[in-house]
Amino acid sequence: MAGAGVTALPPDVDPAARPSLEDYIGELARGLPVSRRARTAILAEVGDGLADSVEKHQAEGATPDQAATATIKEFGSPRTLAAQFATGLAGVTAHRVGLALVCTGPVVGLVWLAAFIAHGDGLGWRGELTAMLSTIPTYTVVLALVVPAALLATAGAGAAARRLPVRPRQAAAAASFAAVGCVAGDTTLITGLIISAMRGSDVSWLAAVAVLVSAVRLTLAGLAARRCAALRAAAS
Amino acid sequence: MRAEVLKGHLDGLMLAALEAGPLHGYAIMEALSTNSNGTLNLPTGTIYPALHRLERAGLVTASWSSNEGRRRRTYSLTAPGRKELAAQRANWREFSTAVSAVLNGDGSWPAPA
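If you read the protein sequences in the order shown, they are chains L and Y.
For the first sequence, the residue numbers in this note's numbering are 1 to 236.
For the second sequence, the residue numbers in this note's numbering are 237 to 349.
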């Protein structure tokens, strides 16, 4: 995070007041596990406020050093401020991750089911679904855990938050758990197919599409799990 | 006044500060301090996450402007924000009337049927 304080502060801040304010911005940046774009926006906004405060104190007769000290006292601990930002973002991120998992789950499931039907023994979709789940029993357990966790995560923000009072940290934990479950589920499906292919079974083009779809979701779910876990840890 | 005393009222106070027109974060904090004769002196940093929360709830909108290399984020009330402010004012009047009546022991609340 080197240089975060330098770039976030407006250029017209008194050079004598800058070092303390840069330290403040740097510590705030270190407590924000968000995207670079979101972090830049938050730091620019807080940096503008710090500059306003220093100007006000200097206009009242304070030296640049005194103005910087008074400003930092006025703004409160950067760690507390970072935790407050992280708390708000944890709820929103959990909501988005939960929604994404709930929406993409049936799509990924249908692609795999289509692959099983294409490869199957003419059992019909109900029979193939049962055959798919019994072939990979772990997947049933994963589904039973992931779906409720993803639904709980959606209550981190939005309309669901008004119906189900879930704290942002709890929603982030649920989102993280659901995303890790998705990674496990997709890994199980892909591994099952690889084992089947190694035993000599034909791999249809639909199965290749299913692997591709699962690989994309697995990657995105892994990143989402990491982000949610980091926000949960940073939130108050 | 300590921040925890204001818990639950900060949203209404920020919406009220924006009623007269768009302001940036530090100006909102200054308005709260000035309009309360210095009584409402919160840690200034608190205002920014709270404003982001109001923005996510659709009660305020934010826009960036740039002047001489200085980027500034300014907030404005939305129509739902004005509605929420009116609701918070009504709730506060009822709450403060009730608490005053109980604390002062004048028996003026609730109003007799």
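All residues carry an ideal CB built from backbone N, CA and C; glycine is no exception.
Residue i classed as buried or exposed, judged by whether at least 16 other C-beta atoms fall within 10 angstroms
{"i": "valine 34 of chain L", "result": "buried"}
{"i": "leucine 164 of chain L", "result": "exposed"}
{"i": "leucine 201 of chain L", "result": "Contrary to the premise, residue 201 of chain L reads as serine rather than leucine in this sequence. When all chains shown are included, serine 201 of chain L counts as exposed."}
{"i": "isoleucine 195 of chain L", "result": "exposed"}
{"i": "proline 10 of chain L", "result": "buried"}
{"i": "alanine 198 of chain L", "result": "The sequence shown places methionine at residue 198 of chain L, rather than the alanine named in the question. So methionine 198 of chain L counts as exposed."}
{"i": "alanine 2 of chain L", "result": "Residue confidence for alanine 2 of chain L is low, a pLDDT of 45 falling below 50, so the modelled location carries little weight and cannot support an answer."}
{"i": "tryptophan 205 of chain L", "result": "exposed"}
{"i": "glycine 317 of chain Y", "result": "buried"}
{"i": "alanine 59 of chain L", "result": "exposed"}
{"i": "leucine 339 of chain Y", "result": "exposed"}
{"i": "glycine 341 of chain Y", "result": "exposed"}
{"i": "leucine 81 of chain L", "result": "buried"}
{"i": "leucine 101 of chain L", "result": "buried"}
{"i": "serine 20 of chain L", "result": "buried"}
{"i": "threonine 140 of chain L", "result": "exposed"}
{"i": "phenylalanine 331 of chain Y", "result": "exposed"}
{"i": "aspartate 12 of chain L", "result": "exposed"}
{"i": "serine 214 of chain L", "result": "buried"}
{"i": "proline 285 of chain Y", "result": "buried"}
{"i": "leucine 223 of chain L", "result": "exposed"}
{"i": "tryptophan 112 of chain L", "result": "buried"}
{"i": "threonine 93 of chain L", "result": "buried"}
{"i": "glycine 281 of chain Y", "result": "buried"}
{"i": "alanine 323 of chain Y", "result": "exposed"}
{"i": "valine 335 of chain Y", "result": "exposed"}
{"i": "alanine 233 of chain L", "result": "exposed"}
{"i": "arginine 37 of chain L", "result": "exposed"}
{"i": "proline 106 of chain L", "result": "exposed"}
{"i": "glutamate 304 of chain Y", "result": "exposed"}
{"i": "leucine 110 of chain L", "result": "exposed"}
{"i": "alanine 256 of chain Y", "result": "exposed"}
{"i": "valine 142 of chain L", "result": "buried"}
{"i": "glycine 274 of chain Y", "result": "exposed"}
{"i": "leucine 254 of chain Y", "result": "buried"}
{"i": "valine 216 of chain L", "result": "exposed"}
{"i": "alanine 210 of chain L", "result": "buried"}
{"i": "arginine 289 of chain Y", "result": "buried"}
{"i": "alanine 159 of chain L", "result": "exposed"}
{"i": "alanine 326 of chain Y", "result": "exposed"}
{"i": "arginine 308 of chain Y", "result": "buried"}
{"i": "arginine 329 of chain Y", "result": "exposed"}
{"i": "glycine 98 of chain L", "result": "buried"}
Distance between beta carbons of residue j and residue i, contact taken as under 8 Å
{"i": "aspartate 14 of chain L", "j": "valine 46 of chain L", "result": "That pair is no contact at about 17 Å."}
{"i": "glycine 88 of chain L", "j": "leucine 145 of chain L", "result": "In fact, because the Cβ distance is near 27 Å, the residues do not count as touching under 8 Å."}
{"i": "alanine 175 of chain L", "j": "valine 166 of chain L", "result": "Not a contact, Cβ separation roughly 10 Å."}
{"i": "alanine 179 of chain L", "j": "cysteine 228 of chain L", "result": "7 Å"}
{"i": "proline 78 of chain L", "j": "glutamate 27 of chain L", "result": "4 Å"}
{"i": "glycine 261 of chain Y", "j": "leucine 321 of chain Y", "result": "The Cβ separation is near 18 Å, so there is no contact."}
{"i": "arginine 306 of chain Y", "j": "aspartate 48 of chain L", "result": "7 Å"}
{"i": "tyrosine 311 of chain Y", "j": "alanine 298 of chain Y", "result": "5 Å"}
{"i": "threonine 188 of chain L", "j": "threonine 138 of chain L", "result": "5 Å"}
{"i": "arginine 39 of chain L", "j": "alanine 29 of chain L", "result": "6 Å"}
{"i": "alanine 90 of chain L", "j": "arginine 169 of chain L", "result": "6 Å"}
{"i": "alanine 68 of chain L", "j": "glycine 31 of chain L", "result": "Not a contact, Cβ separation roughly 20 Å."}
{"i": "serine 236 of chain L", "j": "glutamine 66 of chain L", "result": "Contact doesn't hold; Cβ gap of about 30 Å is too wide."}
Residues sharing a beta bridge with residue i, DSSP
{"i": "valine 296 of chain Y", "result": "Y/Leu313"}
{"i": "histidine 260 of chain Y", "result": "Y/Thr310"}
{"i": "serine 301 of chain Y", "result": "Y/Arg308"}
Point to revise | Any alpha helix (DSSP H) of 4 or more consecutive residues that is wholly inside the segment 46-81 of chain L | key: 64-75
Point to revise | Within 7 Å of chain Y by C-beta, residues of the segment 63-91 of chain L in sequence order | key: Glu74, Phe75, Gly76, Leu81, Gln84, Phe85, Gly88
**Study point:** Residues, ordered as in the chain, of the segment 32-61 of chain L that lie near chain Y by beta-carbon distance below 9 Å
**Key:** Ala41, Ile42, Ala44, Glu45, Val46, Gly47, Asp48, Gly49, Leu50, Ala51, Asp52, Ser53, Lys56
Check your understanding: Taking only runs of the beta strand (DSSP E) that begin and end inside the segment 6-48 of chain L, which ones reach a length of at least 3 residues, in chain order?
Key -> none
Practice item. Please go through the segment 139-194 of chain L and give each complete alpha helix (DSSP H) segment of 4 or more residues, from N-terminal end onward. Key: 158-163
Point to revise | Residues within the segment 133-165 of chain L neighbouring chain Y, beta-carbon criterion of under 8 Å | key: Ala157
Check your understanding: Residues in the segment 255-273 of chain Y with C-beta within 9 Å of chain L's C-beta atoms, listed in sequence order?
Key -> His260, Gly261, Tyr262, Ala263, Met265, Glu266
Check your understanding: Between the segment 313-337 of chain Y and chain L, which residues of the former have CB atoms less than 9 Å from a CB of the latter, in chain order?
Key -> none
**Study point:** Interface positions of the segment 11-26 of chain L facing chain Y (Cβ-Cβ less than 9 Å), listed along the chain
**Key:** Pro11, Asp12
Practice item. For the segment 276-290 of chain Y, enumerate the residues whose C-beta is nearer than 7 Å to any C-beta of chain L, in chain order. Key: Pro279, Thr280, Gly281, Thr282, Tyr284, Pro285, His288, Arg289
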